[in-house]
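Counting with my numbering, you get residues 7 to 212 for the letters of the sequence shown.
Have a look at the structure below before the remarks.
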Amino acid sequence: MILGIIALVLIVACAGISFAVYQGVKQTGNTIATTTANETATSAANTTPTTSANTTPTTSTSGNSGPSGTTIDPTAAGIITNTKMASAVDSNYNPTKVTDTFVTKQTIYATFKIDTNAPDGYVQGKWYADGKYAFSSKALAVKGDFLGYLSAEYNIATQGAVELYWCTQSNCSDGKLADVANFTVTTSGMHLTQPPALAFMDINRP
Numbered sequence: 007m008i009l010g011i012i013a014l015v016l017i018v019a020c021a022g023i024s025f026a027v028y029q030g031v032k033q034t035g036n037t038i039a040t041t042t043a044n045e046t047a048t049s050a051a052n053t054t055p056t057t058s059a060n061t062t063p064t065t066s067t068s069g070n071s072g073p074s075g076t077t078i079d080p081t082a083a084g085i086i087t088n089t090k091m092a093s094a095v096d097s098n099y100n101p102t103k104v105t106d107t108f109v110t111k112q113t114i115y116a117t118f119k120i121d122t123n124a125p126d127g128y129v130q131g132k133w134y135a136d137g138k139y140a141f142s143s144k145a146l147a148v149k150g151d152f153l154g155y156l157s158a159e160y161n162i163a164t165q166g167a168v169e170l171y172w173c174t175q176s177n178c179s180d181g182k183l184a185d186v187a188n189f190t191v192t193t194s195g196m197h198l199t200q201p202p203a204l205a206f207m208d209i210n211r212p
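Listed below in structure tokens is the structure:
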């Protein structure tokens with residue numbers, strides 16, 4: 007009976023939020039493709055930067071720390087730069103619809119640029135809902151002058167945030183907080199017939 011109650015509690019906890027995590031990265035001068043277990047990073051042949059008429063100001067770095075309480079590291083902040091939240095990116099991974107407001111089940115992009123003189127390393131994102139840790143993106147291998155994004159989907163309305171970490175180890179055991187971006191997720195009006203399960207989903211870009 008006790009085990010049954012514990013199992014039920016775990017099911018309810020997992021049903022509270024479901025998400026898909028995926029990400030991409032490319033070097034501005036060369037075509038690069040990197041794949042990880044649960045996220046796919048691909049690149050496009052066209053490496054010419056593009057611009058968008060929709061250039062809402064960036065939503066990154068509110069204060070000197072994130073919801074985890076970790077303080078932003080100046081060195082890491084100089085490597086992962088130009089963080090912007092967006093609802094769409096182009097083939098060069100530039101944000102085309104910069105915004106800090108999303109609806110449930112909508113893809114949320116956290117785009118960034120790696121400084122030209124940065125050493126090889128990794129970027130990891132930690133996502134939050136109402137100030138509480140929700141999930142992490144797997145470490146994404148990057149080099150200097152990379153453009154990239156971390157993306158996720160939420161199935162609940164919440165005040166969200168994503169922390170971007172710079173790492174030199176592939177498991178990000180030495181991660182340093184580089185930036186924090188805050189955003190809002192509102193209801194899309196969709197009603198699910200049953201609670202969603204907690205799950206990752208691979209997204210393969212064409």
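Every residue gets a Cβ at the ideal spot worked out from N, C-alpha and C, and that includes glycine.
Beta carbon of residue i nearer than 8 Å to that of residue j
i, j, result
"Ala-163", "Thr-110", "yes"
"Ala-187", "Thr-89", "yes"
"Ile-86", "Asp-185", "yes"
"Thr-157", "Thr-193", "At residue 157 the sequence reads Ser, which differs from the Thr that was named. Their beta carbons are not under 8 Å apart, which means Ser-157 does not touch Thr-193 by this criterion."
"Cys-178", "Ala-145", "yes"
"Leu-215", "Ala-82", "This structure leaves residue 215 out entirely; the chain is present only between 7 and 212."
"Tyr-134", "Pro-73", "yes"
"Gly-75", "Gln-130", "no"
"Tyr-128", "Cys-173", "yes"
Beta-bridge partners of residue i, as assigned by DSSP
i, result
"Cys-242", "Residue 242 cannot be examined here, being either before or after the span of the chain that is shown, 7 to 212."
"Lys-119", "Thr-87 and Leu-153"
"Ser-71", "Thr-77"
"Ile-114", "Ala-158"
"Tyr-139", "Tyr-134"
"Lys-182", "Trp-172"
"Asn-188", "Ala-167"
"Thr-107", "Thr-190"
"Ala-92", "Val-104 and Tyr-115"
"Ala-145", "BP columns for Ala-145 are empty, so no partner."
Same chain only: Cβ atoms within 7 Å of residue i, ignoring 5 sequence neighbours per side
i, result
"Gly-84", "Asp-121"
"Ser-176", "Tyr-128 and Ala-145"
"Thr-105", "Thr-62, Met-91, Ala-92 and Ser-93"
"Ser-71", "Thr-77 and Ile-78"
Minimum Cβ-Cβ distance from residue i to chain D less than 8 Å
i, result
"Thr-107", "No chain D is present in this structure, which holds just one protein chain."
Residues near residue i in its chain [Cβ-Cβ closer than 6 Å; skip 5 each side]
i, result
"Pro-101", "Lys-90, Ala-92, Val-95 and Thr-117"
"Lys-132", "Ser-142 and Glu-169"
"Asp-126", "Lys-149"
"Gly-137", "Pro-73"
"Lys-119", "Thr-87, Asn-88 and Leu-153"
"Tyr-115", "Ala-92, Val-95, Tyr-155 and Ser-157"
"Lys-103", "Asn-60, Ala-92, Ser-93 and Ala-94"
8 Å CB neighbourhood of residue i in its chain, flanking five on each side removed
i, result
"Leu-9", "Summary for Leu-9: the model assigns pLDDT 44, below 50, so the residue's position carries little reliability, and this model does not support an answer."
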